[in-house]
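For reference, the structure discussed in these notes is given below.
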Amino acid sequence: MDFLPSDELDSLIATLRRDGYRVVAPTIDQEAIVYDEIESADDLPRGWTDRQEAAHYRLERRGDDAYFGYVVGPHSWKRFLFPPQAIMATADRTGDGWEFQTPRPDDVRFAFLGVRACEIAAIEVQDRTFLHGPYVDPIYAQRRKNALLIAVNCTQAASTCFCTSMNTGPRCHSGFDLALTEIAGGFTVEVGSDAGRKLLDRLTTTAADQTQQDAAAAARQQAVDEVARNKGMDTTDIRDLLLGNLEHARWDDVASRCLSCTNCTMVCPTCFCASVDEVTDLREEHVERRRQWDSCFNVDFSYMNGGVIRNDTRSRYRQWLTHKLASWHDQFGVSGCVGCGRCITWCPVGIDLRDEVAAIRGS
Amino acid sequence: MNSSATTSVSQLLRDAGFFSDLDDADLAKVAGIAAVEDRAAGEVIFKEGGRNNNLYFVIAGAAALEMHVPRRGTTRILTVGPGQLLAWSALLGDATMTATAVSQQDLQMVAIPADDLKTLCDSDHDIGYSVMQQTAKSLSRRLLATRLQLLDLFTETDSTKYDG
Amino acid sequence: MNRVANCNRSDPWLAHTVRIDRVTPEIPGVATYDLIFEGDAGGLSFQPGQFNMLYLPGVGECAISISGDPADGSRLPHTIRVAGNVTQELARLPVGATIGLRGPFGSHWPVEECAGKDVILVAGGIGLPPLRPVIYRLLAGRAQYGRLSLLYGSRTPDTLLYTDQFDEWRSRGLDIEVTVDRTNDGWNGHVGVVTLLLERLAVPRPENTLLFTCGPEVMMWYVLQTARSRGLPAENFWMSLERNMNCAIGLCGHCQFGPEFICKDGPVLRFDRIAPFLKVEQL
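Protein chains in written order, with my numbering: chain H, 74 to 436; chain P, -18 to 145; chain Z, 74 to 356.
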């Protein structure tokens, strides 16, 4: 195991940028920690932390100057691999018809700095959707192939975290190029791939001594202890539990609270619903087929033949939750939920899916 | 009716799926008051608003039911075929027919005078129960079929904004 | 057929260029568009029950079942009812116009399971076009199958599709019975819902009879209830479902019905697989 001193973080970022990567990392914007392209370690939320509960998110100063002393915010890495807007195809008028083309995906190379264990799991869930089905998404495939993942092991948990219930964290085990654990003065580093090894060799590191390794273990343990104190989700037979209770009274109950606002689907790192529509120039000679994120909570999402199938909040909430926790197993062989807790934090009325599942299970 | 004719009526009823819960002896009692009737295509079996005292069990062929609406004319509302009943009003109503029945193809039916059937049912409640069950099941299937017609499932819906 | 223009797994948004070669008006609001490929693209290799996304740039795409003979993928008839934006625009296009096509998509009617068996096709209204490819394939290999029946219901006599083909199909060994929900003067045929035809159809060996049905969901449900009452086991029924299609490649989420993506797990689904979900309202 290596040790990377804090002041080498800038070298890491600079090296990546020189190699042509766009480095995306946590940074503060609009009083939240979001993911955006950064230029140096100064852009990181050093010394900040987040306080999260259902329907509540605030930033606060920490007592120390940790670079990664918070958990996850409203953004997930999906906005880079599966961009909110993208052109999927074009049509150009020719003499007597149309010429159809699909754009070559751009060759952007992202380096994600600060990926949490639940987020690695979420990316792997999205891999199943976009790469392993009968059809491949060309944009996701290209960006994913080019992406470098520098993970960060969590050293704390928010009240909304339940990664342990979903077996996705808090420890990063695989799926990364490098994994950092922050301790005083720097980071212990685990290498996860050849690309990670080669990158690390270009930085100034030392071998992590026992004190440093123990400190890292203790830091990781703090996350484990904190998440253990949280409400979890019992996922025993959850697929049959939810699909066998499609008329449960709880759906009416949650429908009386849910605003159908789509926040949960926007922040969820595995949600992938989208719509492709037409964007034409003024002369109707060049048409772009633009894909945009959509949401099963939008009223017209299930429109067909003159009517909307899911015509109330109850049926739309039921669709979202049963898809996420139950149908996803049928479709992709895993749960759609990684226990990141974003949907709980960012729901304006504080609906907590852990409570909803427990209520359906409890009766 | 002689016994071999009764046997053949029993067999026709059995083969068409009627009275499956009656044993041979009880079925023979029903068959004993029944007669086979054949109609050529185009014959009127009974008229809407008219009186008809027979209950008909269709064995083969088809009969069209029609109703008349003033100014709109006569409309065919249903085709009845083997395994189905005609003129249930003879048994359950006051024998005033609610539709006109016209044979579509060569039609074979077992006709049972409703009064004789009622007398048989009154005197033998097991047979009565079976006859009423038979009639009720037949009517419930007819009701579902009528409801499906009413739902007008093939009507195109008006679509406004979206693709499709 | 030289080259096949089937949808590429890694490039699923690329539409092929097709030309409208013929438009056949069928019934009011419904026409059949024969599409052929430009250049030497050849044609499409498709299975009965599959659909294409027909693309009108600037307007959008619509999901339409292929209603032609799978043995000839170079000419692709699509019987289309005008319903929304895209189909309205399509109805304005002349013969010779170019549109885009992506496909074929979806699961297919399992004709391969019919060998040696009796087959009942039950179609309602615009549900006959997705079944017509099955008829072509069954009749092309008629000797392999037992009894073949088509039970077809429509709203009125003047909304029956493909009636000019019935004589030929009958002569090649398909029994056809037709019914309408309501009629006017001049119809001397059956009146009533199509389930009544199924109630009376001879089914000598229910265990070895397969039933394929396509039409409004309520109709299909009652067809299947009737089939159960005739002794056919639930594993012998296949139905074609519809949902909002946007991508047709299982990646946009729109077409989900319970755990099924209608665009890739369907549209043809075996009844027993989806039975628990069919009667859940607003699923």
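Ideal Cβ placement from N, Cα and C applies to all residues, glycine included.
Which first and last residues belong to the beta strand (DSSP E) in which Phe183 of chain H is found?
183 to 188
Let me see if you follow: with CB-CB separation under 8 Å, is Asp84 of chain Z close to chain H or not?
For Asp84 of chain Z, the answer is yes, since a Cβ of chain H falls inside 8 Å of its Cβ.
Whose C-beta lies closer than 7 Å to the C-beta of Ala300 of chain Z among residues of the same chain, with five residues either side of it excluded?
Same-chain partners within the cutoff: Leu271, Leu284, Phe310.
Let me know the secondary structure DSSP gives Arg171 of chain H once reduced to three states.
Arg is not the amino acid found at residue 171 of chain H; the sequence shown has Trp there. Trp171 of chain H: strand per DSSP, three-state reduction.
Restricting to Cα atoms, I'd like to know which of H:Pro421, H:Ala296, H:Phe173 is closest to Pro147 of chain H.
H:Pro421
Between the C-alpha atoms of Thr233 of chain H and Cys320 of chain Z, what's the straight-line distance to the nearest angstrom?
34 Å
Just checking: is the beta-carbon of Tyr143 of chain P within a distance shorter than 8 Å of some beta-carbon in chain Z?
Its pLDDT being 37, under 50, Tyr143 of chain P is placed unreliably in this model, and the value from its coordinates should be taken loosely. So yes, Tyr143 of chain P belongs to the interface.
Which value, in whole angstroms, describes the spacing of the CA atoms of Val96 of chain Z and Met113 of chain P?
55 Å
Range of the contiguous beta strand (DSSP E) that encloses Pro78 of chain H
Run containing Pro78 of chain H: 75 to 78, per the beta strand (DSSP E) assignment.
If you draw a straight line from the C-alpha of Thr286 of chain Z to the C-alpha of Gly197 of chain Z, how long is it?
8 Å
Only counting the same chain, and skipping five residues up and downstream in sequence, which positions put a Cβ closer than 7 Å to that of Val297 of chain H?
The beta carbon of Val297 of chain H sits closer than 7 Å to those of Pro243, all from its chain and outside the five residues before and after it, given in chain order.
Compare the C-beta of Ser227 of chain Z with all C-beta atoms of chain P and state if any pair is closer than 8 Å.
yes
How big is the Cα-Cα spacing for Leu(-6) of chain P and Leu131 of chain P?
For Leu(-6) of chain P and Leu131 of chain P, the distance between alpha carbons rounds to 31 Å.
DSSP beta-bridge partners for Pro99 of chain H?
DSSP lists H:Tyr108 as partners of Pro99 of chain H.
May I ask whether a heavy atom of the ligand MN can be found less than 7 Å away from the beta carbon of Leu269 of chain Z?
Among the components modelled here there is no ligand, and therefore nothing to report on the ligand MN.
With a Cβ-Cβ cutoff of 8 Å, do Ala328 of chain H and Arg275 of chain H count as a contact?
no
Pick from H:Ser408, H:Thr277, H:Gly379, H:Gly248 that is closest to Gly259 of chain H, judged by C-alpha positions:
For the options H:Ser408, H:Thr277, H:Gly379, H:Gly248, the alpha carbon positioned closest to that of Gly259 of chain H is the one of H:Thr277.
Under 8 Å, with one C-beta from each stretch per pair, do the stretch 222 to 231 of chain Z and the stretch 131 to 141 of chain Z reach the 3-pair mark?
no
Applying the 10 Å Cβ sphere with the 16-neighbour rule, what's the burial state of Ser408 of chain H?
So Ser408 of chain H ends up on the buried side.
If you draw a straight line from the alpha carbon of Gly62 of chain P to that of Arg123 of chain P, how long is it in whole angstroms?
12 Å
Tell me whether Phe76 of chain H is buried or exposed, calling it buried when 16 or more other Cβ atoms sit within 10 Å of its Cβ.
buried
When you compare each of Z:Arg343, Z:Met318, Z:Ala216, Z:Gly304 to Met293 of chain Z by their alpha carbons, which one comes out closest?
Comparing alpha-carbon positions, the option among Z:Arg343, Z:Met318, Z:Ala216, Z:Gly304 lying closest to Met293 of chain Z turns out to be Z:Arg343.
Do three or more CB pairs link the stretch 79 to 86 of chain H to the stretch 110 to 117 of chain H at distances below 8 Å?
yes
Thr335 of chain H - DSSP class collapsed to helix/strand/coil
coil
Check each residue of the stretch 219 to 246 of chain Z: if its Cβ is closer than 9 Å to any Cβ of chain C, include it; give the result in chain order.
As a matter of chain content, chain C is missing from the structure shown, whose protein chains are H, P and Z.
Under the rule that 16 or more other beta-carbon atoms within 10 Å means buried, what is Gly145 of chain P, buried or exposed?
In this prediction, Gly145 of chain P scores a pLDDT of 42, lower than 50, which makes its location untrustworthy; the coordinate-derived value is nonetheless stated afterwards. Buried: at least 16 other Cβ atoms inside 10 Å.
Against chain H, does Gln329 of chain Z count as a neighbour if the rule is that its beta carbon must be under 8 Å from one of theirs?
So, interface residue.
Does the Cβ-Cβ distance between Leu117 of chain H and Thr100 of chain H come in under 8 Å?
yes
Reduced DSSP secondary structure (H/G/I, E/B, other) of Thr299 of chain Z
helix
Return no unless some Cβ of chain P is closer than 8 Å to the Cβ of Leu174 of chain Z.
no
Show which residues of chain H have a CB atom less than 7 Å away from the CB atom of Asn319 of chain Z.
Ser348, Val349
Quick check on Arg32 of chain P - is its C-beta less than 8 Å from some C-beta in chain Z?
no
Sequence-distant residues of the same chain with beta carbon closer than 8 Å to Arg135 of chain H, five excluded per side
The beta carbon of Arg135 of chain H is closer than 8 Å to those of Gly120, Trp121, Thr122, Gly142 in its chain, skipping five residues each way along the sequence.
For Tyr128 of chain Z, which three-state DSSP category applies?
Three-state result, Tyr128 of chain Z: strand.
Helix, strand or coil for Pro349 of chain Z? Go by DSSP, reduced to three states.
Correct three-state label for Pro349 of chain Z: helix.
Show which residues of chain Z have a CB atom less than 8 Å away from the CB atom of Thr136 of chain P.
Arg228
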